[in-house]
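Trainee: Have a look at this one before I ask anything.
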Amino acid sequence: LAKTTQPISMDSYEGQEVNITCSHNNIATNDYITWYQQFPSQGPRFIIQGYKTKVTNEVASLFIPADRKSSTLSLPRVSLSDTAVYYCLVGDGTGRRALTFGSGTRLQVQP
Amino acid sequence: NAGVTQTPKFRVLKTGQSMTLLCAQDMNHEYMYWYRQDPGMGLRLIHYSVGEGTTAKGEVPDGYNVSRLKKQNFLLGLESAAPSQTSVYFCASSFGTGRYGATEAFFGQGTRLTVV
């Protein structure tokens, strides 16, 4: 399975843009990249998914370079409510569809 | 629309006891997953299913069994509970395929299990 590497934690202040980078050097041709958000005592929630270039929705943007060996989740103008753990997932290129999570990045937003 | 519902929400077991956690989804999803999450850690995949009647092992399957007799239900069983199985258990479901492969997964609210 393709493995991902993310920073363990990040700190930011309200109103700032936050960029969380995920490394996935062994990503397979058919693999997609997905990000989830998890608040304490809740299950993860889907944020965004992409295959290449840039994807944007009402919550975040996802930047994927041409070699696809990394991706960056961008959260514009974060607020205190964005304090959460963010997980980067890479699709299972074997087709087994096992959805596996890494350790995630713990984002702390301060006033 | 209930989404993904887990039963029970809390449970305390004695070492050696058995129990079954139920996950039910009403979105007609093909894929279902069981995870455990220990304090301060990420989610670890226990077992998953890509369709009714099928199951597969995840990262940490030992000590657990699963069944998917009906498409909407995915059961997780602990045959002989151990303190090391104290954790929060999450169930998830997804359609499984889409433009980019696995589609968005929806998670239940979790089951907090304590084994004493």
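The listed protein sequences derive, respectively, from chains R and Y.
Sequential numbering of the first sequence, starting at 3, is according to this note's numbering.
Sequential numbering of the second sequence, starting at 112, is according to this note's numbering.
Here a beta-carbon is modelled for each residue, glycine too, at the ideal position from N, C-alpha and C.
The model shown is predicted, which means the values in this text are computed figures rather than measured ones.
Give the DSSP-derived three-state secondary structure of Y/Asp137 in the structure shown.
Mentor: Residue 137 of chain Y sits at position 26 when you count from the first residue of the second sequence. Looking at Y/Asp137 - three-state DSSP - the assignment turns out to be coil, as it is neither helix nor strand.
Trainee: Between which residues of its own chain and R/Ala137 is the CB-CB distance below 8 Å, once the five residues before and five after are set aside?
Mentor: Given that chain R is displayed from residue 3 to residue 113, the structure contains no residue 137 of chain R and the question cannot be resolved.
Trainee: Comparing C-alpha positions only, which one of Y/Val115, Y/Gly174, Y/Gln117, Y/Gly127 sits nearest to Y/Val258?
Mentor: An answer regarding residue 258 of chain Y cannot be provided, because it is not within the stretch 112 to 227 covered by chain Y.
Trainee: Name the residues in the segment 101 to 113 of chain R whose C-beta lies less than 8 Å from a C-beta of chain Y; which are they?
Mentor: Listed by position, the residues of the segment 101 to 113 of chain R near chain Y (Cβ gap below 8 Å) are Leu101, Thr102, Phe103, Gly104, Ser105, Gly106.
Trainee: Kindly indicate which three-state DSSP category R/Asp84 falls into: helix, strand or coil?
Mentor: As a working mapping, residue 84 of chain R is identified with position 82 in the first sequence. DSSP places R/Asp84 in helix when its eight states are reduced to three.
Trainee: From the DSSP secondary-structure annotation, give me the bridge partner or partners of R/Phe65.
Mentor: As a first step, residue 65 of chain R must be located in the first sequence, where it is residue number 63. According to DSSP, R/Phe65 bridges with R/Lys56, R/Thr74.
Trainee: Starting from Y/Ser188, trace the beta strand (DSSP E) both ways and give me its first and last residue.
Mentor: The sequence position of residue 188 of chain Y within the second sequence is 77, counting from 1. The amino acid occupying residue 188 of chain Y in the given sequence is Gly; Ser does not appear at that position. It spans 184 to 189 - the beta strand (DSSP E) in which Y/Gly188 sits, taken as one unbroken run.
Trainee: Under 8 Å between C-beta atoms, does Y/Tyr175 make it to chain R?
Mentor: Translated into the one-based positions of the second sequence, residue 175 of chain Y becomes position 64. No, no contact with chain R.
Trainee: CB-CB under 6 Å to R/Pro9, same chain, minus the five flanking residues each way: which ones, in chain order?
Mentor: Translated into the one-based positions of the first sequence, residue 9 of chain R becomes position 7. Taken in chain order, the residues that qualify are Thr107.
Trainee: Find out if the Cβ-Cβ distance for the pair Y/Ala216, Y/Asn184 is shorter than 8 Å.
Mentor: Sequence index remark: in the second sequence, residue 216 of chain Y carries index 105 (1-based). Sequence index remark: in the second sequence, residue 184 of chain Y carries index 73 (1-based). Not in contact: Y/Ala216 and Y/Asn184 (Cβ atoms no closer than 8 Å).
Trainee: For R/His26, which residues does DSSP report across the bridge?
Mentor: Here residue 26 of chain R refers to the residue found at position 24 of the first sequence. Paired residue(s): none; R/His26 is not in a bridge.
Trainee: How long is the line joining the alpha carbons of Y/Thr131 and R/Leu101, rounded to whole angstroms?
Mentor: Position 20 of the second sequence, counting from 1, holds the residue named residue 131 of chain Y. Position 99 of the first sequence, counting from 1, holds the residue named residue 101 of chain R. If I take the Cα positions, the gap works out to 22 Å.
Trainee: Quick one: which chain R residues come within Cβ less than 9 Å of Y/Tyr144?
Mentor: The count along the second sequence starts at 1 and reaches residue 144 of chain Y at position 33. What Y/Tyr144 touches in chain R: Ala100, Leu101.
Trainee: Does the beta-carbon of R/Tyr15 have 16 or more other beta-carbons within 10 angstroms, so that it is buried, or is it exposed?
Mentor: As a first step, residue 15 of chain R is located in the first sequence; it is residue number 13 there, counting from the start. The residue in question, R/Tyr15, is exposed, as its Cβ has fewer than 16 Cβ neighbours within 10 Å.
Trainee: Does the Cβ of Y/Ala113 have 16 or more other Cβ atoms within 10 Å, making it buried, or fewer, making it exposed?
Mentor: On the second sequence, residue 113 of chain Y is found 2 positions in, with the first residue counted as 1. By the 10 Å Cβ count, Y/Ala113 comes out exposed.
Trainee: Can you tell me whether R/Gln39 is helix, strand or coil according to DSSP?
Mentor: Counted from its first residue, the first sequence places residue 39 of chain R at position 37. DSSP places R/Gln39 in strand when its eight states are reduced to three.
Trainee: Determine, for R/Phe65, whether the minimum Cβ-Cβ distance to residues of chain Y falls below 8 Å.
Mentor: Position 63 of the first sequence holds residue 65 of chain R. Not an interface residue.
Trainee: Candidates Y/Gln117, Y/Leu124, Y/Tyr144, Y/Gln196: which alpha carbon is nearest Y/Thr165's?
Mentor: For this step, residue 165 of chain Y is matched to residue 54 along the second sequence. Comparing Cα-Cα distances from Y/Thr165 to each of Y/Gln117, Y/Leu124, Y/Tyr144, Y/Gln196, the minimum goes to Y/Tyr144.
Trainee: Could you pull out every residue in the same chain whose Cβ sits closer than 8 Å to the Cβ of R/Glu60, ignoring the five residues on either side in sequence?
Mentor: Reading the first sequence from its first residue, position 58 is the one you call residue 60 of chain R. Excluding residues within five positions, none has a Cβ falling inside 8 Å.
Trainee: Give a yes or no on whether the minimum CB-CB distance between Y/Leu224 and chain R is below 8 Å.
Mentor: For this step, residue 224 of chain Y is matched to residue 113 along the second sequence. No, Y/Leu224 lies away from the interface with chain R (no Cβ there is under 8 Å from its Cβ).
Trainee: So, for Y/Ser129: in the same chain, excluding its five sequence neighbours on each side, which residues have a beta-carbon less than 8 Å away from its beta-carbon?
Mentor: Against the second sequence, residue 129 of chain Y aligns to sequence position 18. Excluding sequence neighbours, Y/Ser129 sits near Gly188, Leu189, Glu190, Ser191, Ala192.
Trainee: Let me know the secondary structure DSSP gives Y/Val123 once reduced to three states.
Mentor: Here the question's residue 123 of chain Y lines up with position 12 in the second sequence. Y/Val123 falls in the strand class under three-state DSSP.
Trainee: Does R/Ser105 come out as helix, strand or coil in the three-state DSSP assignment?
Mentor: As a first step, residue 105 of chain R must be located in the first sequence, where it is residue number 103. Of the three classes helix, strand and coil, the one that applies to R/Ser105 here is coil, per DSSP.
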